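The structure appears below as structure tokens.
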Amino acid sequence: MWGKKTKQPQGSLLESIPFTTVEGRQAKQPLTVFALSTCGFCRRAITFLNDSTIAYRYVYVDKLDKPAQDAVRAYVKKTFHTMLSYPFLCIGEDDYLTGFIRASWEKELGNG
Amino acid sequence: MKKTIRTKHRVPMLVAALLLTITSTLGAQELPLLLQERYIMAHIGFQRQYATSYEYPDDISLGYTIFNGEFPVVIHAEGPELSLYSGSPLFIPAFLSGGTTNQIGYIDAYSNYTPIALLSLGWRHDLLKTGNLANDGFFASWGWRAGILSGGLGYHFAHERPVGYLGVSLDNLGISLSASPVNLKATLTYRTEKSWSISTSAEVDEHGRASFGIGFGLSRKDYAAESIFTDDWSLSVAHRGSLLHAPENTNAAFEWALEQPRYVAIETDIQLTADGKFLLIHDPILLRYSHGFDMVGDMTSEQLKSLDMGSWFSPDFAGTQVLDLAQLGEISNANPDVYWLLELKNLVWTREEAKRFLAEIDEEFDHPEKIGFYTVTLEMMELMQSLTDRPVGIQLDTVKMMFYYSDHLMPLVKAEYRPLVRNADFFTLLSSKFDRQEQLIELSEELGIPVMLWNFHDVIAGYIPKDLRHYPLGMPKMLDGALLKE
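If you're matching them up, the sequences are chains A and B in order. Throughout, this note's numbering is defined as the position within the first sequence, counted from one, plus 5. Throughout, this note's numbering is defined as the position within the second sequence, counted from one, plus 381.
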């Protein structure tokens, strides 16, 4: 009944996804970004993460094959109960941010 | 002299309310599949009376609140009172006086709810017959919000007293002050990241008697409403470009929408300015964009274009300008695959204004066949239909005020809708008024036109009748002349 108890980890859906890992200081929760190679909001988000020297992993979903894209979409839907929009930042498996509003990201991830 | 309350029903009532509160709040995470856009919160409070002759003694209060779309319903059991409110969450705290201790959760409502000014109506019942008139009867209020400030004025008819309220809500902290001829009350609420909250309050009545309270609360916000839609709702339209990721109806919002692969169409809003220009702006009043109470229709396009339409959303977007029709044309021309739905926000235009609008569209857009319109009045729909072969839909919420309907009322609702949408190419509704997607799907199939549901999120979700699925957006007219003439 209480969310966390019923929530199944969906991490296995992402097993085959070739993430690029960026080293840095560890955030409280592991950070994963789903992005598109073509999107401006995604570019700004990734630049922000790089500048903040935080550890995260990302993948350009448009560069993945169809089954892998479906796996990412299913992962987001099952874990966060929302549709995938880009960029999509997973904060552990409990929280997420979409789009890129600098103030929200700074608040969520710390200033830097 | 201290009055005592007949407490025969008091303990069972409090226990029942407590159980209801706890179970339903804990269950709230399971509810989103059934409900949409709801915000559920509960609180329990304790109060110590320092007054010597207050109407009721040390107290426990319980509250249970559902904010449902635009029309929040608040059920509030508190000591000897049972209260029922509907309307703006902004002003409710002002009436929680006369022994009330806390207002847990309203801080969430402040930050998560869009209404900036709304009428509230309420009713309180003196459940335990304490004889306290203040606990009985109707009240009405008007509340508003501007940035972090909120306030309101109201009147309690039974008690014949006015009430005023002022509040400040920061990210995790809410401070409020309410005053009436019989009391003055201050409340401080703190909410953690994870929905727990604590509040304290202090109150003085007209005889200088004080009371102090402390409360704990729990609130739950539903998942994004989009997650409730079944796969039947296959059409995804970007609402005002974006509501959540960039200031609505601006370049940044359209940039966002154009980058999201899921959208085939973008929705935006058109208003006519005092100097006869067509600008992309949603609200008729500039208040939400932090530019006071000026009306769009009274201002020139030059005045409107000089305004910063981004800072109200986030400092990231400071300096963003409102767009006009020609600028939208440029965006459309650069993205020829994208369909556009233009909501005409004015109640009615003259025939000349509508003609000029359509002429400007033809002039500025390389692909006017990618554009559909929808209107907020039947008169405007008929006007547009008489001037263009493009699709013209209707925004039903503004034509017919609809509330929540239960299953057995749905046939009646459908009977009322049918004549209104008969001539439309599609119709739109606020989704939080409808938990019954399957009923709307039935109606859409019956009428043979798409239905689109909007809410305070990024996505307008559309259902396209089966026979129309091979047409863009489910609208044959989107294919324009060639096909229609066949």
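For every residue, glycine included, the Cβ atom is placed at its ideal position computed from N, Cα and C. Computed from a prediction, not measured in an experiment: that's the story for all the values here.
Identity of the residues DSSP links to residue i by a beta bridge
i: Gly548(B); result: Ser531(B) and Ser557(B)
i: Leu752(B); result: Correcting the residue type first, residue 752(B) is Ile in the shown sequence and not Leu. Per DSSP, Trp721(B).
i: Ala40(A); result: Tyr65(A)
i: Asp650(B); result: Glu724(B)
i: Pro543(B); result: Tyr536(B)
i: Gly584(B); result: Going by the sequence as given, residue 584(B) is Glu instead of Gly. Lys566(B) and Ser592(B), per the DSSP bridge assignment.
i: Met680(B); result: Partner(s): none; Met680(B) has no beta bridge.
i: Trp835(B); result: Leu811(B)
i: Gly843(B); result: Leu616(B) and Met833(B)
i: Ile712(B); result: In DSSP, Ile712(B) forms no bridge with anything.
i: Val773(B); result: Phe754(B)
i: Arg30(A); result: Ile59(A)
i: Asp705(B); result: Leu660(B)
i: Thr25(A); result: Tyr63(A)
Distance between beta carbons of residue j and residue i, contact taken as under 8 Å
i: Asp747(B); j: Asn716(B); result: Not really, about 11 Å apart at Cβ, beyond 8 Å.
i: Phe24(A); j: Arg62(A); result: 4 Å
i: Ser623(B); j: Ala634(B); result: 4 Å
i: Leu688(B); j: Val677(B); result: Between Val677(B) and Leu688(B) the Cβ distance is about 10 Å, and since that is not below 8 Å, they are no contact.
i: Gly29(A); j: Thr58(A); result: 5 Å
8 Å Cβ shell around residue i - same chain, five flanking residues per side excluded
i: Gln15(A); result: Ala79, Tyr80, Lys83, Thr84 and Glu98
i: Glu760(B); result: Leu728 and Val729
i: Thr779(B); result: Val757 and Thr758
Start and end residues, alpha helix (DSSP H) containing residue i
i: Met761(B); result: Leu759 to Leu768
i: Ile666(B); result: Careful: Ile666(B) lies outside any alpha helix (DSSP H) and carries neither H nor E.
i: Ile51(A); result: Gly45 to Asp56
i: Tyr80(A); result: Lys71 to Phe85
i: Gln818(B); result: Gln818 to Leu828
i: Ala634(B); result: Asn632 to Glu640
i: Trp110(A); result: Arg107 to Leu114
i: Glu733(B); result: Arg732 to Glu745
Beta-carbon proximity check, residue i vs residue j, cutoff 8 Å
i: Ala646(B); j: Tyr755(B); result: no
i: Glu724(B); j: Ile775(B); result: no
i: Asp718(B); j: Pro772(B); result: no
i: Arg669(B); j: Thr649(B); result: no
i: Thr701(B); j: Gly691(B); result: yes
i: Leu661(B); j: Thr654(B); result: no
i: Glu741(B); j: Leu706(B); result: yes
i: Asp924(B); j: Arg107(A); result: Residue 924(B) lies beyond the residue range present for chain B, which begins at 382 and ends at 867; the question has no answer from this structure.
i: Ala76(A); j: Gln31(A); result: no
i: Ser682(B); j: Asp656(B); result: yes
i: Arg732(B); j: Leu764(B); result: yes
i: Ile22(A); j: Ala40(A); result: no
i: Leu768(B); j: Ala796(B); result: no
Cβ-based neighbour list, residue i, same chain, cut-off 7 Å, excluding 5 preceding and 5 following
i: Ser825(B); result: Pro831, Val832, Tyr844 and Pro846
i: Lys686(B); result: Gln702 and Val703
i: Ser42(A); result: Tyr65, Asp67 and Lys68
i: Glu20(A); result: none
i: Thr26(A); result: Arg62
i: Tyr101(A); result: Phe85, Phe93, Leu94 and Cys95
Other residues of its chain near residue i: CB distance less than 6 Å, five sequence neighbours each side excluded
i: Val585(B); result: Leu565 and Ala591
i: Leu639(B); result: Asn716
i: Asp743(B); result: Pro749
Beta strand (DSSP E) segment containing residue i, residue limits
i: Ser617(B); result: Leu616 to Ala619
i: Ile96(A); result: Phe93 to Ile96
i: Asp100(A); result: Asp100 to Thr103
Original post:
Can you list, in chain order, the residues of the segment 13-36 of chain A whose Cβ is nearer than 9 Å to any Cβ on chain D?
Top reply: Going by chain labels, chain D is absent from the structure shown, which instead holds the protein chains A and B.
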